[in-house]
Amino acid sequence: MATTQRPASEEESTAPEPEYVEHIRKKSEDFAGWYNDVVRKAELADYTPVRGCMVIRPYGYALWEHIRDALDAMIKATGHANMYFPLLIPESLFMKEAEHVEGFAPEVAWVTRGGRSELEEPLAIRPTSETIIGTLYKNWIHSHRDLPVLINQWANVMRWEMRTRLFLRTAEFLWQEGHTFHATHQEAAEEVERMLDCYRVLAEDWMAMPVLTGRKTDEEKFAGAEYTTSIEALMSDGRALQAGTSHHLGENFTRTYEITFTDRENTRRHPHGTSWGLSTRVIGGVIMCHGDESGLIMPPRVAPIQVVVVPIYRGDEGRATVMAAVDSIVADLKRATPPGAPPVRVHVDDRDEKPGYKYNDWELRGVPLRLELGPRDIEGGVATVVERIGRAKTQVPLDELPTRLPAMLEDFHTRLFQRAVDIRDSYTVQVGDRIALAAAFDGRQALAIGPWCGRTECEREVKDTLGGVTIRNIAPDAPPAGAACAACGEPATHIARWARAY
RNA sequence: CGGGGCGUAGCGCAGCUCGGUAGCGCGCGUCGUUCGGGACGACGAGGUCCCGGGUUCAAAUCCCGGCGCCCCGACCA
Numbered sequence: 052m053a054t055t056q057r058p059a060s061e062e063e064s065t066a067p068e069p070e071y072v073e074h075i076r077k078k079s080e081d082f083a084g085w086y087n088d089v090v091r092k093a094e095l096a097d098y099t100p101v102r103g104c105m106v107i108r109p110y111g112y113a114l115w116e117h118i119r120d121a122l123d124a125m126i127k128a129t130g131h132a133n134m135y136f137p138l139l140i141p142e143s144l145f146m147k148e149a150e151h152v153e154g155f156a157p158e159v160a161w162v163t164r165g166g167r168s169e170l171e172e173p174l175a176i177r178p179t180s181e182t183i184i185g186t187l188y189k190n191w192i193h194s195h196r197d198l199p200v201l202i203n204q205w206a207n208v209m210r211w212e213m214r215t216r217l218f219l220r221t222a223e224f225l226w227q228e229g230h231t232f233h234a235t236h237q238e239a240a241e242e243v244e245r246m247l248d249c250y251r252v253l254a255e256d257w258m259a260m261p262v263l264t265g266r267k268t269d270e271e272k273f274a275g276a277e278y279t280t281s282i283e284a285l286m287s288d289g290r291a292l293q294a295g296t297s298h299h300l301g302e303n304f305t306r307t308y309e310i311t312f313t314d315r316e317n318t319r320r321h322p323h324g325t326s327w328g329l330s331t332r333v334i335g336g337v338i339m340c341h342g343d344e345s346g347l348i349m350p351p352r353v354a355p356i357q358v359v360v361v362p363i364y365r366g367d368e369g370r371a372t373v374m375a376a377v378d379s380i381v382a383d384l385k386r387a388t389p390p391g392a393p394p395v396r397v398h399v400d401d402r403d404e405k406p407g408y409k410y411n412d413w414e415l416r417g418v419p420l421r422l423e424l425g426p427r428d429i430e431g432g433v434a435t436v437v438e439r440i441g442r443a444k445t446q447v448p449l450d451e452l453p454t455r456l457p458a459m460l461e462d463f464h465t466r467l468f469q470r471a472v473d474i475r476d477s478y479t480v481q482v483g484d485r486i487a488l489a490a491a492f493d494g495r496q497a498l499a500i501g502p503w504c505g506r507t508e509c510e511r512e513v514k515d516t517l518g519g520v521t522i523r524n525i526a527p528d529a530p531p532a533g534a535a536c537a538a539c540g541e542p543a544t545h546i547a548r549w550a551r552a553y
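What follows is the structure, given as structure tokens:
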């Protein structure tokens with residue numbers, strides 16, 4: 052290609068090839084590297100001097116706030132109230148529930164010196180709050196008239212993980228944990244289902260992330276739960292992510308913490324508990340579900356910035372003209388917002404950078420719509436709107452922006468959701484026997500759906516043999532009559548979803 | 001906890017084999033020209049070479065001992 056002869060005397064250049072160091076690693080070649088680059092360069096989060104703990108930066112925290120607000124509204128709309136419990140749990144309380152302790156003990160961080168005396172009882176930093184909440188509610192529940200108790204807390208918890216990844220698995224993370232107590236098993240079961248459905252709605256309607264709801268196997272359920280349900284999302288690399296869980300605790304904790312109530316027949320009984328949680332991990336889900344080679348793609352309903360305005364001009368005079376038009380657009384958008392409705396979240400990028408730089412920067416950050424406004428646009432009385440998924444350009448008359456932009460954002464949400472469904476479908480395989488199951492995961496990722504016998508040994512055998520393939524959850528539907536387990540051939544009792552998980 | 005890799009300017013790295021004045025690119029600051037898909041010039045600021053010890057006239061470089069981080073496994077939201 053190069054035809055120019057270099058003089059033989061010319062020294063070899065020792066300088067590295069010019070490259071854009073701001074660029075991110077290729078998603079198709081190095082998914083984990085891509086993920087890290089995107090999280091850090093889009094300024095969602097970063098590492099800190101604290102091992103395993105991340106800092107959530109303003110752009111990432113704004114995303115979390117929108118997710119949190121949407122979920123908080125649903126939690127309140129279903130009758131729950133927020134409250135707050137202590138971060139530290141005395142060892143003796145924590146150790147009461149045997150199965151719970153066994154499940155969590157390895158990853159609990161302990162405060163062994165209270166600052167006053169080394170002889171003080173060690174304190175666990177909560178990995179979850181069932182134990183302290185149970186202890187307290189023992190004092191507050193006496194009668195069926197005290198039930199149901201429907202509470203939630205937004206909090207940080209700590210689990211001393213061996214390997215951490217930004218958002219997906221950090222030693223400290225933010226979440227909400229709902230805790231409820233009910234008079235009957237049935238009522239608690241309905242609660243478990245109701246809150247799982249809130250998570251499904253949050254994932255699908257707010258984050259455009261399709262999920263499969265279902266029950267966890269005994270192997271994967273919460274330590275101390277009677278049963279666990281979950282929402283499972285498939286990432287665009289084909290691995291599954293547990294994005295929220297809702298547990299039926301039965302009487303497991305209320306027995307241990309001696310919570311009793313007197314029912315209508317004057318019989319003393321233990322209430323049935325539930326707990327359900329969703330964490331900052333879902334942000335990792337949003338990133339890996341929607342992102343592409345250019346970076347993030349933010350679901351509009353939770354996007355910190357929904358529309359970014361890039362002004363284009365030459366010289367100071369051009370700048371003044373364009374910026375006046377930009378100001379007018381922003382003012383129109385605010386004025387057009389119906390009372391009570393959230394305004395379009397618009398940001399004007401007036402940095403002293405070239406437009407091309409800004410395009411790439413905002414694409415990395417995943418802003419759904421970019422509004423370009425330059426001399427040509429102003430002359431035509433339009434703005435150029437470019438959407439993030441396919442970079443399709445639309446000329447929109449300036450006076451139509453207040454109605455068109457919200458509509459385009461809604462359309463963006465719908466297409467983003469459908470795109471995620473299509474990606475998931477591309478990995479989905481219906482399997483009827485072991486050959487099909489093994490083939491589904493042979494050198495690739497998959498979401499394999501098929502009949503299952505319900506046996507833990509079978510589940511473990513698949514995990515060990517097929518390289519970490521696990522049952523993410525079990526479908527609500529029963530298997531066809533007479534169906535055989537796709538993994539072992541024994542009679543099937545369930546429909547399972549197999550995948551490799553994060 | 002096993003297996004790898006890496007610690008040199010804010011970031012990415014070269015220099016280490018073979019000891020001798022600490023470098024490059026990007027970024028950052030000021031000024032000017034630019035601006036419809038990652039602009040350019042001039043000048044400038046910025047370093048306990050991860051830490052501790054040893055060898056040596058002399059250590060980023062060689063030796064010993066720590067510490068930290070990242071990646072891959074097993075465990076987990």
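This note's numbering numbers the first residue of the first sequence as 52 and each following residue consecutively.
Ideal Cβ placement from N, Cα and C applies to all residues, glycine included.
Taking the Cβ atom as the reference point for each residue, do residue i and residue j lie within a distance shorter than 8 Å?
| i | j | result |
| --- | --- | --- |
| L347 | R416 | yes |
| T99 | V106 | yes |
| W161 | L174 | yes |
| E94 | A274 | no |
| A354 | R290 | no |
| P419 | L460 | yes |
| Y188 | F218 | no |
| V373 | H299 | no |
| K409 | V447 | no |
| E181 | H230 | yes |
| E283 | A294 | yes |
| L225 | W115 | yes |
| T521 | A552 | yes |
| Q432 | L449 | Note that residue 432 is Gly in the sequence shown here, rather than Gln. Taking 8 Å as the Cβ cut-off, G432 and L449 qualify as a contacting pair. |
| T296 | T279 | yes |
Helix, strand or coil for residue i per DSSP?
| i | result |
| --- | --- |
| V381 | helix |
| W161 | strand |
| M105 | strand |
| R290 | coil |
| L534 | Here residue 534 is Ala; the residue named in the question, Leu, does not match the sequence. If DSSP states are grouped into helix, strand and coil, A534 belongs with coil. |
| P419 | coil |
| V353 | coil |
| I140 | strand |
| T313 | strand |
| H131 | coil |
| M258 | coil |
Would you list the residues sitting across from residue i in a DSSP beta bridge?
| i | result |
| --- | --- |
| Q481 | I500 |
| E228 | Q204, G328 |
| I282 | T264, G295 |
| F145 | Paired residues: none, contrary to the question. |
| M459 | None, per the DSSP bridge assignment. |
| A550 | T521 |
| N303 | For N303, which the question treats as bridged, DSSP gives no partner whatsoever. |
| G346 | D343 |
With residue i as the anchor, note down where its alpha helix (DSSP H) starts and where it stops.
| i | result |
| --- | --- |
| M125 | 109 to 128 |
| T186 | 181 to 191 |
| L415 | 406 to 415 |
| Y308 | Here Y308 belongs to no alpha helix (DSSP H), and DSSP marks it neither H nor E. |
| H236 | 236 to 252 |
| D515 | 507 to 516 |
For the beta strand (DSSP E) that contains residue i, what are its first and last residues?
| i | result |
| --- | --- |
| Q446 | 444 to 448 |
| G84 | Segment 82 to 92 is the alpha helix (DSSP H) holding G84; no beta strand (DSSP E) there. |
| I429 | Premise fails: I429 lies in the alpha helix (DSSP H), 426 to 431, not in any beta strand (DSSP E). |
| V361 | 358 to 362 |
| L174 | 174 to 176 |
| A222 | That residue, A222, is in no beta strand (DSSP E); it is neither H nor E in DSSP. |
Alpha carbon to alpha carbon, what distance is there between residue j and residue i?
| i | j | result |
| --- | --- | --- |
| V381 | L452 | 10 Å |
| R76 | R102 | 24 Å |
| V72 | A392 | Only weak support exists for where V72 lies, its pLDDT of 36 falling under 50; the value from the coordinates is given anyway. One C-alpha to the other measures close to 41 Å. |
| A550 | L517 | 10 Å |
| D428 | A132 | 50 Å |
| I176 | E510 | 33 Å |
| C104 | V208 | 11 Å |
| F492 | A96 | 32 Å |
| C539 | I118 | 41 Å |
| G111 | Q496 | 28 Å |
| A535 | A526 | 16 Å |
| G505 | R548 | 12 Å |
| K267 | D528 | 14 Å |
| I184 | L138 | 11 Å |
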